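Have a look at the structure below before the remarks.
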Amino acid sequence: ETGVTQSPTHLIKTRGQQVTLRCSSQSGHNTVSWYQQALGQGPQFIFQYYREEENGRGNFPPRFSGLQFPNYSSELNVNALELDDSALYLCASSLEPGTNEKLFFGSGTQLSVL
Amino acid sequence: QKEVEQNSGPLSVPEGAIASLNCTYSDRVSQSFFWYRQYSGKSPELIMSIYSNGDKEDGRFTAQLNKASQYVSLLIRDSQPSDSATYLCAVRNGGFKTIFGAGTRLFVKA
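Chains as they are written, first to last, in the working numbering: chain A, 195 to 308; chain B, 12 to 121.
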């Protein structure tokens, strides 16, 4: 167990809807990264939050947005859901952003868009 | 060209054998390299990190790094059926993101 918790574990939505996924980071970690993992693929970086600010973003459209709260927990929001958004969404916390950053993953949220 | 490339496998080895997993990366300024293990239906977990050229050993696992060839490998000695999983190679270049390969599926036959 990494101490990183995600909710919900599973979610079914329809195309066009909006979804919010939640993540609590491991104690002592101030950095949260979100990844999307499609079936049979590696995790793809969505964005990272450090001390409540977005610290970097991958190649995802603006309808993917996030927040980090003062307790370092985080949310991932996806608007106007598309069928291709169906994937496992992983949250990872780390001690600090940086070169030697080690990621500790939560158990993920499996999102299905119908 | 993908930033991090791995053979998708599956790689099948008998119990007790050495499993060799390979990874290449495209960004020459990459500085940190990681191996994550992901069991089916679970999330990735970190098993090895390596930052300088050469070998790094941790129990049955050895990570090898060759920056000149932009090549990282993971050796698993005395492979066990419980090692059957997908192994993800990950690379960080000092920026804000860790980039993952698509993973290699490993099957260890009892």
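Think of the CB as a built atom: it goes at the ideal place given N, C-alpha and C, for glycine as much as any other residue. Treat the numbers as computed from the prediction; the structure is a model and nothing was measured.
7 Å Cβ cut-off: residues of chain B touching residue i
i      : result
A:Q242 : F107, K108
A:S249 : Note that residue 249 of chain A corresponds to Asn in the displayed sequence, not to Ser. Result: F107.
A:S306 : Within 7 Å Cβ-Cβ: nothing; A:S306 doesn't reach chain B, min ~15 Å.
Residues sharing a beta bridge with residue i, DSSP
i      : result
B:V83  : B:C34, B:L76
B:I110 : B:V102
B:Q12  : None, per the DSSP bridge assignment.
A:E269 : A:R216, A:L261
B:P25  : B:K120
B:E56  : B:R48
B:G65  : B:L76
A:S287 : A:V226, A:F298
A:A281 : A:L305
Chain B residues whose Cβ lies nearer than 8 Å to that of residue i
i      : result
A:K296 : F45, L57, S60
A:G252 : K108
A:S301 : K53, S54
Under 9 Å by beta carbon: chain A residues contacting residue i
i      : result
B:L99  : G236, P237
B:A157 : Outside the shown range of chain B, which is 12 to 121, sits residue 157 of chain B, and nothing can be said about it.
B:R103 : G292, T293, N294, E295
For residue j and residue i, believed in contact at Cβ under 8 Å, the rounded distance
i      : j      : result
B:G116 : B:P21  : Here the sequence assigns Arg to residue 116 of chain B, which means Gly is not the residue at that position. Going by Cβ atoms, the distance from B:R116 to B:P21 rounds to 4 Å, so yes, they are a contact pair.
A:Q242 : A:G250 : 5 Å
A:L183 : A:Q231 : What is shown of chain A runs 195 to 308, which leaves residue 183 of chain A out entirely.
B:G70  : B:T97  : Actually they are not in contact, since the Cβ atoms of B:G70 and B:T97 sit about 20 Å apart, beyond 8 Å.
B:A101 : B:T109 : 5 Å
B:F118 : B:S23  : 5 Å
B:Q42  : B:N104 : 6 Å
Contact set between residue i and chain A, taken where Cβ atoms lie within less than 7 Å
i     : result
B:A28 : Within 7 Å Cβ-Cβ: nothing; B:A28 doesn't reach chain A, min ~25 Å.
Residue i, buried or exposed, once every other Cβ within 10 Å from all chains shown has been counted against 16
i      : result
B:P92  : exposed
B:G65  : exposed
A:S364 : Residue 364 of chain A is absent from the model: chain A starts at 195 and stops at 308.
B:V40  : exposed
B:D89  : exposed
A:A286 : buried
A:L275 : buried
A:T208 : exposed
B:L85  : buried
Amino acids of chain B, ordered along the chain, whose beta-carbon sits closer than 9 Å to that of residue i
i      : result
A:L179 : There is no way to answer for residue 179 of chain A, as the model of chain A reaches only from 195 to 308.
Residue-level contact to chain D via CB, residue i, 7 Å cutoff
i      : result
A:T208 : Any reference to chain D falls outside this structure, whose protein chains are A and B.
What runs of the beta strand (DSSP E), each 3 residues or longer, lie entirely inside the segment 197 to 262 of chain A? Listed in chain order, they are 199 to 201, 204 to 207, 213 to 218, 225 to 231, 238 to 244, 247 to 251, 258 to 262.
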